[in-house]
Every structure is written in C-alpha cells, then in structure tokens.
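In the order they appear, the protein sequences are chains A and B.
Residue 621 is where the first sequence ends in this note's numbering, and the numbering goes up by one at each step.
Residue 704 is where the second sequence ends in this note's numbering, and the numbering goes up by one at each step.
Where a beta carbon is used, it is the ideal one built from N, C-alpha and C, also for glycine.
Scroll down for the structure; my scribbles are underneath it.
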Amino acid sequence: MTSTINLEGKTLSSTIAKLNAPLTQAFDPRSSSLSPITIIPTPTPTYNTQAQRLADFETLTAALEYAAVGNAGYNFYDAKGNLRSVLSYQALRQNARISAERLSGLGLAYGDRVAVIADTTPEFVELFFACRYAGLIPFAMPVPVNLGSHAIYVQQLRGMLEGGQASAALANVDYIGFLREAAEGSQGLRWVGTPEELGKLSPLNIPLQANHPDETAYLQFTSGSTRTPRGVIITERALMSNLRGIVRNGLGIRPGDRCASWLPFYHDMGLVGMVMAPMVAQVSVDYLATRDFAIRPLQWLRLISRNRATVAFSQPFGLKLCTLRVRDSDLEDLDLSSWRAAGVGAEMIRPETLRNFAEKFAPAGFDAKAFLPCYGLAESTLAVTFSQIGQGFQSLRVDASTLVDRKVAVRLQAEGRKYSEFVNCGRPLPEHTVKIVDENGMELPDLRVGSVLVHGSSIMTGYFNNPEDTQKTLQPGNWLDTGDLGFLFEGDLYVTGRRTDVIIVNGRNIRAQDIEELAEQQPEVRTREASAFGITDAGDVTTIVLVIECRLTSITDRQSLTGRLQRLVYMAFGVNCLVELVPPHTLPRTSSGKLSRFAARQGFIQRTTLTDQLSAESGDN
Amino acid sequence: MASDYTDTLQRLCHHLKQFTGPDVEITPQTDLINQLAIDSVKLLNLIMEVEDEFDISVPLNALADVQTVHELANLIHQIKSAK
Numbered sequence: 001m002t003s004t005i006n007l008e009g010k011t012l013s014s015t016i017a018k019l020n021a022p023l024t025q026a027f028d029p030r031s032s033s034l035s036p037i038t039i040i041p042t043p044t045p046t047y048n049t050q051a052q053r054l055a056d057f058e059t060l061t062a063a064l065e066y067a068a069v070g071n072a073g074y075n076f077y078d079a080k081g082n083l084r085s086v087l088s089y090q091a092l093r094q095n096a097r098i099s100a101e102r103l104s105g106l107g108l109a110y111g112d113r114v115a116v117i118a119d120t121t122p123e124f125v126e127l128f129f130a131c132r133y134a135g136l137i138p139f140a141m142p143v144p145v146n147l148g149s150h151a152i153y154v155q156q157l158r159g160m161l162e163g164g165q166a167s168a169a170l171a172n173v174d175y176i177g178f179l180r181e182a183a184e185g186s187q188g189l190r191w192v193g194t195p196e197e198l199g200k201l202s203p204l205n206i207p208l209q210a211n212h213p214d215e216t217a218y219l220q221f222t223s224g225s226t227r228t229p230r231g232v233i234i235t236e237r238a239l240m241s242n243l244r245g246i247v248r249n250g251l252g253i254r255p256g257d258r259c260a261s262w263l264p265f266y267h268d269m270g271l272v273g274m275v276m277a278p279m280v281a282q283v284s285v286d287y288l289a290t291r292d293f294a295i296r297p298l299q300w301l302r303l304i305s306r307n308r309a310t311v312a313f314s315q316p317f318g319l320k321l322c323t324l325r326v327r328d329s330d331l332e333d334l335d336l337s338s339w340r341a342a343g344v345g346a347e348m349i350r351p352e353t354l355r356n357f358a359e360k361f362a363p364a365g366f367d368a369k370a371f372l373p374c375y376g377l378a379e380s381t382l383a384v385t386f387s388q389i390g391q392g393f394q395s396l397r398v399d400a401s402t403l404v405d406r407k408v409a410v411r412l413q414a415e416g417r418k419y420s421e422f423v424n425c426g427r428p429l430p431e432h433t434v435k436i437v438d439e440n441g442m443e444l445p446d447l448r449v450g451s452v453l454v455h456g457s458s459i460m461t462g463y464f465n466n467p468e469d470t471q472k473t474l475q476p477g478n479w480l481d482t483g484d485l486g487f488l489f490e491g492d493l494y495v496t497g498r499r500t501d502v503i504i505v506n507g508r509n510i511r512a513q514d515i516e517e518l519a520e521q522q523p524e525v526r527t528r529e530a531s532a533f534g535i536t537d538a539g540d541v542t543t544i545v546l547v548i549e550c551r552l553t554s555i556t557d558r559q560s561l562t563g564r565l566q567r568l569v570y571m572a573f574g575v576n577c578l579v580e581l582v583p584p585h586t587l588p589r590t591s592s593g594k595l596s597r598f599a600a601r602q603g604f605i606q607r608t609t610l611t612d613q614l615s616a617e618s619g620d621n
Numbered sequence: 622m623a624s625d626y627t628d629t630l631q632r633l634c635h636h637l638k639q640f641t642g643p644d645v646e647i648t649p650q651t652d653l654i655n656q657l658a659i660d661s662v663k664l665l666n667l668i669m670e671v672e673d674e675f676d677i678s679v680p681l682n683a684l685a686d687v688q689t690v691h692e693l694a695n696l697i698h699q700i701k702s703a704k
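Written out as structure tokens, the structure is:
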C-alpha cells in the first residue's frame with residue numbers, strides 16, 4: 001500500500017506519523033519539535049478572538065487575510081474520530097502563500113488552470129488558496145469511489161484535465177498514480193506532482209498580486225462525466241456575492257457557530273458551502289472524510305455532538321444513511337441539541353427522509369426546527385434559495401394526477417386522493433430572482449409547474465471553453481436554465497423534479513448523456529441508439545435504465561453486451577443498471593432525429609407495466 | 622502466509638454470503654460487480670464489515686483495482702501484512 005495515512009493510529013509510531021503528517025504541521029508550533037512524545041493537537045476554538053465580519057470582502061484571498069488574524073480554522077478528523085490535523089486560517093494563509101510562490105516558479109501564466117484531486121485534506125485547501133494567491137485558477141477533481149473503476153476513473157480525470165485545459169495538476173500520494181496515467185501524452189500540462197514534490201521546489205521570490213473581483217476564482221466540474229465534462233466558471237465577485245447570501249441571509253451566522261462536514265471538497269456544496277463559507281465568516285470547521293462518513297455515518301453525528309457544532313449540511317441521501325445505519329444504542333451518547341442549521345440540498349428533498357431522520361434522532365436532542373431545506377446548483381456558485389432559518393421544513397401536498405396531467409399544483413382538498421408532497425425550498429437570496437417558465441419561455445403564475453430559471457449576482461460566466469453548452473444554459477437576459485422543474489407559491493420555490501437529462505441515484509447526479517456515451521463506445525452500439533433515464537419506485541429507490549437498439553441475434557452476444565454495459569456503468573458511476581435490448585427503430589425520436597428520453601422512459605414503463613409502482617413525478621419534458 | 626490468505630478468503634466469503642442466495646457458490650473468481658451486484662451502498666456495508674472483521678482500514682484508491690473476490694481478499698491480506 002502506498003497509503004500510510006490510512007494505517008495510522010494503530011500501527012505507526014508517532015515519529016513516523018509525523019514524517020507523514022501534512023505539510024501544514026511543519027509550520028505548526030505545536031508539532032514542530034522533533035521529540036518523539038505524541039502531541040495531541042487541539043482543535044481551533046469556536047469562539048474567535050477577532051471581530052466577526054460576514055463575507056464583506058471583495059475576494060477570497062482578502063477574506064483569508066482577515067481570517068488569518070483570528071484563531072479559527074479547519075480541523076481534520078480520522079475514521080475513528082481522532083483529530084488528525086489542524087489548519088488554522090493563520091497557518092493556511094502562511095502555507096498557501098509559500099505554495100503560491102512555488103507555483104509561480106512553474107512558469108505558468110496568470111489565469112492558467114491547476115487541477116487538484118480533492119481528498120479531504122489540509123493540502124487540498126492549501127493548494128486551492130495557493131492558486132488564488134498566485135493568480136491561477138484551481139479546479140477540484142474527484143477521488144475514485146467505485147470498485148474496479150481504475151480505467152474509467154483515469155478517463156474521467158483525463159476528460160477534466162483536457163476540458164479545463166490544465167497547466168499543472170496535483171494529487172497526494174494515494175492518487176498520484178492515477179493522475180500520472182491520466183496526464184500521459186498531455187500537451188498542455190507543464191507540471192504534475194504531489195504536494196510534497198511541490199514543497200521541494202524553490203519559491204520564486206516575487207510579490208503576490210491581489211486578485212480582482214472580476215477574475216475567475218475557480219472552475220467547478222458538474223459531474224463525473226466521461227467525455228464531455230463541463231467546468232463552471234465562477235468569478236470572485238459571483239463567489240463573494242453567494243457567500244454573503246449564504247452566511248448572512250441563509251444561515252444568519254453569528255459568534256458561537258461551528259460547522260461539521262463530511263461533504264466532498266470536489267462538490268460545490270462541500271467546497272463553497274463548507275470550506276469557503278465558514279472561512280469568510282471566520283468560523284471553525286470539523287471535517288470527516290466522505291469515505292469515513294459513508295462507512296460510519298455515526299462519526300459525523302458524534303463530531304457535531306462532541307464539538308457542539310451548530311451548522312452541518314447534507315444531501316438527503318446522507319441523512320438517509322444516518323437513519324439507516326446508526327443503531328439505536330448509539331443514540332445514548334449523542335447530544336445533537338446544539339445543531340441549529342441542518343442544511344439539506346443538492347438533490348430532490350423528500351419529506352419522508354426528513355421525518356424519518358427527525359424521528360430517529362429526536363431522542364438524541366435533534367430539533368426538527370433545525371431543518372433548513374435549500375436549493376442551488378454549481379452554475380449559480382452554490383445557493384439560490386434558502387428556507388427560513390429556525391423554522392424547520394414546510395411542505396405542500398398537491399393532487400398527484402392534476403400535477404402530472406395538467407402541470408398544475410392543486411393543493412389537496414380532500415383526504416384519500418393520491419397526492420405528491422413537495423418541500424418548500426424557500427426564497428431567493430438577495431440580488432437573485434427565480435422564475436418558472438413553460439416550454440416556450442413564457443413566465444408562469446404561482447402553482448404552475450415549469451422550468452426553474454435563475455437570475456442574479458452569483459450566476460456563472462459560462463462553461464469553460466464550451467460556448468455551445470453555455471448558450472443552451474444561459475438564456476437571453478442572463479437567465480440560468482437550471483434543468484430543474486418546479487413551481488412558486490407565495491414567493492417560495494418548490495422543486496418537483498429534474499428534467500430527464502439528469503438521473504439522481506443515491507445522492508449522485510448522473511448525466512443521462514454520460515451513460516449513453518458509455519454505451520455508444522461499444523462496437524455493437526451505434527450513435528443515437530442508446531437512451532438512458534431513471535425510474536423511481538414508490539419506495540423512493542431510483543434505478544437507471546439503459547435501452548439499446550440492438551441488431552444482435554445470438555443469445556451469447558446479447559448477454560455479453562448486457563453484462564459489459566452493466567459493468568461499465570457500475571465502474572463509472574457505482575450503480576447497477578437495468579439494460580433492455582430492443583429492436584431497431586423502437587426508441588422514439590423527435591422530428592430532428594434526436595432521441596427523446598422522456599418518450600423512451602414512457603415506452604419502457606408501458607412495456608414493463610411498471611406504472612402503478614412508480615411515484616408520481618411531475619411532467620418531465 | 623498462504624494459510625493466512627486462505628483464512629482471509631474464508632472469512633470474506635462468509636460476509637459476501639449476504640449478497641447471494643444460499644445456493645450460489647462464491648469462488649475466488651466470482652465477480653463482485655456482475656455476479657454479486659454490489660452497488661455503492663452495499664459496498665459501504667461490506668467495507669465496514671471487512672474493516673471491523675479484520676481490524677484494518679481499506680483505502681479508497683486500492684478499491685479501484687478490485688473486481689473479484691480474490692482481488693479483495695488479496696487486498697485485505699496485504700493491508701493486514703503491512704500492519
């Protein structure tokens with residue numbers, strides 16, 4: 001094993017552990033001594049020594065310069081709940097500036113992109129800020145999470161390196177092998193290495209320039225896509241506007257707040273919401289790696305309980321994992337009463353998920369009023385709407401058949417009718433507007449279901465080097481088409497579903513197009529002869545269905561194709577899928593010859609007579 | 622060391638039984654993805670059980686090269702030996 005970090009704790013002496021410790025600790029006075037005595041680190045405090053400023057900065061580095069004066073910061077915990085490393089904002093500033101001088105020595109131009117595989121580590125955060133200090137544009141790349149995903153993961157990395165036109169790329173020792181493979185033969189990359197290797201380069205002694213609010217702060221890749229990754233361009237101005245909205249209006253951050261997070265740093269909710277937002281408000285954060293949360297969700301709740309965290313976000317799926325996997329006997333040691341903002345977002349929120357969680361954790365002091373549903377997307381930096389803090393979640397029950405047939409949300413009048421219940425995601429942040437439009441772009445009144453469009457100060461500039469997708473997504477007047485469906489009621493947004501181009505399984509957004517492209521890479525499958533979509537059953541379990549028009553006649557050949565496709569989809573996305581082979585010309589096409597996923601889904605449902613088992617979802621288009 | 626591996630394999634197969642019917646035989650060549658249909662959620666459960674059973678920590682980067690029962694048993698064995 002190349003990884004030593006994962007074996008720490010039980011096996012390595014403190015001296016070896018120190019050698020393997022993050023770079024940051026070299027600057028940490030608490031661990032700078034070479035004595036072999038184990039030094040137990042102390043987490044950064046909840047109450048800061050400096051006056052709190054809520055994101056009233058022009059740029060991210062300006063915010064860090066201020067936060068570095070206080071004593072808050074980031075704390076990283078291991079799978080067993082032990083504090084592994086502490087990165088105060090002060091140390092972050094210092095380390096990031098030194099790394100920025102080293103990055104400057106690589107001969108990159110101002111605004112060049114730097115790709116970093118984003119494991120939950122201090123090094124990632126340092127590199128991210130180092131890029132900003134050096135005037136470079138960082139983007140986070142995911143860690144591999146699926147069994148047998150080696151080849152496809154490397155392909156994903158390559159897609160992002162090319163899509164973001166990266167000039168340098170970094171990964172820690174666990175992932176550098178994948179990164180080097182992905183970088184092979186690259187024309188644009190000038191440097192690939194680990195943070196340790198970067199640390200051996202000599203810093204270029206030039207003054208670091210301040211960033212301008214109009215320059216690009218970072219790129220955010222929106223899905224683990226295979227061939228056509230899309231990097232969202234976010235400027236410093238858009239970022240700071242969104243962060244201001246989040247910490248002031250969304251969360252009402254105040255002294256005494258502390259965050260706890262397991263969200264991946266390569267996801268917008270993890271990076272913007274739980275790395276940047278706390279820093280721009282000088283709040284301390286306790287981190288658990290996503291992997292460690294996923295395996296033992298209890299550790300996250302323990303962190304909240306032990307450190308008296310007040311703000312912690314999750315996708316609904318994460319809450320489900322907690323409800324399912326935490327044993328009742330574990331509840332006795334938990335005290336979740338400090339948790340005042342339990343943010344929920346990033347995918348459709350089902351009321352049942354929240355109710356089940358609240359019921360399960362009420363004995364541990366969880367207050368259902370802490371639920372804070374919100375809505376957002378990477379294309380609008382992160383957040384668009386927040387519900388009222390401290391009010392818990394509100395929902396609306398609407399008649400299911402009217403919703404599907406007429407795309408109108410009619411509030412349930414009589415008991416006994418089949419209904420759909422939607423969670424209130426609240427109101428847009430200041431400087432943002434949400435509207436609902438029909439297929440022709442005409443604005444719809446309250447309770448009419450249509451496409452959710454967003455306008456405002458945190459909207460992306462576009463997709464990096466992808467004018468075609470930018471034009472499709474950013475409509476005239478700079479209205480962002482979110483790809484989501486929903487309705488407004490009394491100023492609040494209710495999201496009713498995704499359009500059929502995105503499938504959400506176990507909390508992950510998977511683009512239908514990516515699955516279809518995987519299929520089309522097979523020699524037996526022609527372009528435009530594969531259609532992928534999701535079907536959700538009454539138990540809220542989503543299955544991916546891949547329908548292929550297939551000319552193969554031999555059973556062995558057909559089985560070989562089906563098995564291979566299931567395997568590829570699993571390796572790329574970590575989910576099982578149902579493959580249906582149909583005769584040519586079965587899949588419905590639009591007049592322009594494009595496949596209609598919505599119609600393909602309808603056809604599949606009819607063929608398999610699943611209609612009754614599926615939950616009512618409002619009109620996809 | 623060979624007997625350690627056999628022991629690891631046996632204990633692992635015991636945990637893998639939950640993913641199959643009683644009549645399915647699990648061999649070292651059994652494919653975790655295609656034959657046992659271990660999706661990402663089942664995988665988390667399996668990793669937790671494996672970590673508890675063998676008292677190890679399984680790094681994510683290593684799972685990217687695991688497809689069969691033998692490869693997983695081998696990985697567990699390697700991590701244990703490195704301790």
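Quick one: residues in its chain with C-beta nearer than 8 Å to the C-beta of V449(A), no 5 flanking neighbours on either side, listed in chain order? Residue mapping note: residue 449(A) aligns to position 449 of the first sequence, counting from 1. Closer than 8 Å at Cβ, skipping near neighbours: L403, K407, V408, A409, I436, L485, G486, F487, T496, S618 and G619.
Using C-beta distances below 6 Å, list every residue in its chain close to L198(A), excluding the 5 sequence neighbours before and after it, in chain order. By 1-based counting over the first sequence, the position of residue 198(A) is 198. So the list reads R102, once near-sequence residues are dropped.
Excluding the 5 residues flanking Q394(A) on each side, which residues of the same chain have their C-beta closer than 6 Å to its C-beta? The sequence position of residue 394(A) within the first sequence is 394, counting from 1. Cβ neighbours of Q394(A) beyond the five flanking positions: N424.
The stretch 683 to 703 of chain B: positions lying closer than 7 Å to chain A by Cβ: Within the stretch 683 to 703 of chain B, the residues whose Cβ lies closer than 7 Å to some Cβ of chain A are A683, L684, A685, D686, V687, Q688, Q699, I700 and A703, listed in chain order.
Give, in chain order, every unbroken run of the beta strand (DSSP E) that is at least 3 residues long and sits entirely within the stretch 296 to 331 of chain A. With a minimum length of 3 residues, the continuous beta strand (DSSP E) runs that stay inside the stretch 296 to 331 of chain A are 311 to 314.
Neighbourhood of L179(A) by C-beta, 7 Å cutoff - its chain only, sequence neighbours within 5 removed: Within the first sequence, numbered from 1, the residue matching residue 179(A) stands at position 179. For L179(A), the CB contacts under 7 Å within the same chain, skipping 5 residues up- and downstream, are I117, L157, A169, A171 and V192 in chain order.
Leaving out five residues before and five after A530(A) in sequence, what residues of the same chain have Cβ atoms less than 6 Å from its Cβ? Your numbering for residue 530(A) matches position 530 in the first sequence. These residues qualify, in order along the chain: E516, A519, E520 and I548.
What residue range does the beta strand (DSSP E) around H212(A) cover? If you number the first sequence from 1, residue 212(A) lands on position 212. Looking at the DSSP string, H212(A) is not in any beta strand (DSSP E), and its letter there is neither H nor E.
Spell out the partners DSSP gives C259(A) in its beta bridges. Position 259 of the first sequence holds residue 259(A). Beta-bridge pairing links C259(A) to V285(A) and V311(A).
Excluding sequence positions up to five away, which residues of its chain have a Cβ less than 6 Å from the Cβ of A378(A)? Mapped onto the first sequence, residue 378(A) falls at position 378. Answer for A378(A): Q220, T222, V232 and D268, listed in chain order.
What is the C-beta distance between G148(A) and V687(B), in whole angstroms, given that I count them as a contact (C-beta under 8 Å)? Residue numbering aside, residue 148(A) sits at position 148 when the first sequence is read from its first letter. Residue numbering aside, residue 687(B) sits at position 66 when the second sequence is read from its first letter. Right, their Cβ atoms sit about 6 Å apart.
Would you say A685(B) and H150(A) are within 7 Å of each other, going by their C-beta atoms? Numbered from its first residue, the second sequence carries residue 685(B) at position 64. Numbered from its first residue, the first sequence carries residue 150(A) at position 150. For A685(B) and H150(A), yes; Cβs fall inside 7 Å.
Proximal chain A residues relative to L653(B), where beta-carbon distance stays under 9 Å: The residue you call residue 653(B) lines up with position 32 of the second sequence. Neighbours of L653(B) on chain A, chain order: L147 and G148.
Could you pull out every residue in the same chain whose Cβ sits closer than 8 Å to the Cβ of Q475(A), ignoring the five residues on either side in sequence? Along the first sequence, one-based indexing puts residue 475(A) at 475. For Q475(A), the CB contacts under 8 Å within the same chain, skipping 5 residues up- and downstream, are G441, L453 and D481 in chain order.
Does the separation of the CB atoms of T527(A) and G534(A) fall below 7 Å? Taking the first residue of the first sequence as 1, we reach residue 527(A) at position 527. Taking the first residue of the first sequence as 1, we reach residue 534(A) at position 534. Not in contact: T527(A) and G534(A) (Cβ atoms no closer than 7 Å).
Are the Cβ atoms of R397(A) and Y375(A) separated by less than 7 Å? In the first sequence, the residue the question calls residue 397(A) occupies position 397. In the first sequence, the residue the question calls residue 375(A) occupies position 375. No; because the gap between Cβ atoms is not below 7 Å, this pair is not in contact.
Per DSSP, which one or two residues make a beta bridge with L377(A)? Within the first sequence, residue 377(A) is the residue found at index 377, counting from 1. In the DSSP output, where bridge partners are listed per residue, L377(A) has none listed.
In chain order, each beta strand (DSSP E) run of at least 3 residues that lies wholly inside the stretch 358 to 433 of chain A: The beta strand (DSSP E) runs lying completely inside the stretch 358 to 433 of chain A and spanning 3 residues or more are 371 to 376, 383 to 386, 395 to 399 and 419 to 423, given in chain order.
Which residue comes first and which comes last in the beta strand (DSSP E) that contains G486(A)? Working through the first sequence from its first residue, we reach residue 486(A) at position 486. That run of the beta strand (DSSP E) goes W479 to F489.
Where in the stretch 96 to 168 of chain A do unbroken runs of the beta strand (DSSP E), each at least 3 residues long, occur, reported from the N-terminal end onward? Given a length threshold of 3 residues, each whole run of the beta strand (DSSP E) inside the stretch 96 to 168 of chain A is given here in chain order: 113 to 117 and 137 to 141.
Alpha carbon of Q631(B) to alpha carbon of I668(B), nearest angstrom: Looking up residue 631(B) in the second sequence gives position 10. Looking up residue 668(B) in the second sequence gives position 47. Just so you know, the alpha carbons of Q631(B) and I668(B) end up roughly 16 Å apart.
DSSP puts R498(A) in a beta bridge; with which residues? For the purposes of this step, residue 498(A) is identified with residue 498 of the first sequence, where counting begins at 1. The partner list for R498(A) (beta bridge, DSSP) reads D484(A).
Pairing CB atoms from the stretch 57 to 64 of chain A with CB atoms from the stretch 196 to 216 of chain A, are three or more of them under 8 Å? Verdict: yes, contact present.
Beta bridge counterpart(s) of D492(A) as assigned by DSSP: The sequence position of residue 492(A) within the first sequence is 492, counting from 1. Residue pairing of D492(A) in beta bridges, as defined by DSSP: F489(A).
List, in order along the chain, the chain B residues whose C-beta lies closer than 7 Å to that of A79(A)? To locate residue 79(A), count along the first sequence from 1; it is residue 79. Here the neighbours are S678.
Would you identify the three-state DSSP class for L265(A), choosing helix, strand or coil? Here residue 265(A) is taken as the residue at index 265 of the first sequence, counted from 1. Note that residue 265(A) is Phe in the sequence shown, not Leu. F265(A) falls in the coil class under three-state DSSP.
Rounded straight-line distance, which links the Cα of G245(A) to that of S127(A): Along the first sequence, read from residue 1 onward, the residue named residue 127(A) stands at position 127. Along the first sequence, read from residue 1 onward, the residue named residue 245(A) stands at position 245. A small fix is needed here, since residue 127(A) is Leu in this sequence, not Ser. Near 26 Å, if we compare the C-alpha coordinates of G245(A) and L127(A).
Tell me which same chain residues have a C-beta within less than 7 Å of the C-beta of P430(A), skipping the five on either side of it? Indexing the first sequence from 1 puts residue 430(A) at position 430. The beta carbon of P430(A) lies closer than 7 Å to those of G245 and N249 in the same chain, with the five residues before and after it left out.
Can the beta-carbon of P264(A) be found closer than 7 Å to that of T290(A)? In the first sequence, the residue the question calls residue 264(A) occupies position 264. In the first sequence, the residue the question calls residue 290(A) occupies position 290. In contact: P264(A) and T290(A) (Cβ atoms closer than 7 Å).
Residues in the same chain with beta-carbon distance under 6 Å from S338(A), minus the five sequence neighbours each way, listed in chain order, please. Numbered from its first residue, the first sequence carries residue 338(A) at position 338. Cβ within range, chain order: R308 and T310.
The alpha helix (DSSP H) with E674(B) in it runs from where to where? Stepping through the second sequence from its first residue, residue 674(B) is reached at position 53. Unbroken alpha helix (DSSP H) run through E674(B): S661 to F675.
Out of Y66(A), L92(A) and A532(A), point me to the one whose CA is closest to A281(A)'s CA. If you number the first sequence from 1, residue 281(A) lands on position 281. Checking every option, the nearest Cα to that of A281(A) belongs to Y66(A).
Contacting residues, own chain, Cβ-Cβ under 6 Å from I176(A) (five flanking each side not counted): Taking the first sequence and counting its residues from 1, the one referred to as residue 176(A) is at position 176. The residues are T194.
Sorted by chain position, which residues of the same chain lie with C-beta nearer than 6 Å to E443(A)'s C-beta, five sequence neighbours on each side aside? Position 443 of the first sequence, counted from the start, is the residue given in the question as residue 443(A). The beta carbon of E443(A) sits closer than 6 Å to the beta carbons of K435 and V437 from its chain, once the five residues preceding and following it are set aside; these are given in chain order.
Check the Cβ of P144(A) against every Cβ in chain B and list those closer than 9 Å, keeping chain order. For this step, residue 144(A) is matched to residue 144 along the first sequence. Residues of chain B passing the Cβ test: L681, N682, L684 and A685.
Could you tell me the alpha carbon to alpha carbon distance between S702(B) and Q602(A), rounded to whole angstroms? Working through the second sequence from its first residue, we reach residue 702(B) at position 81. Working through the first sequence from its first residue, we reach residue 602(A) at position 602. If you take the alpha carbons of S702(B) and Q602(A), they lie about 53 Å apart.
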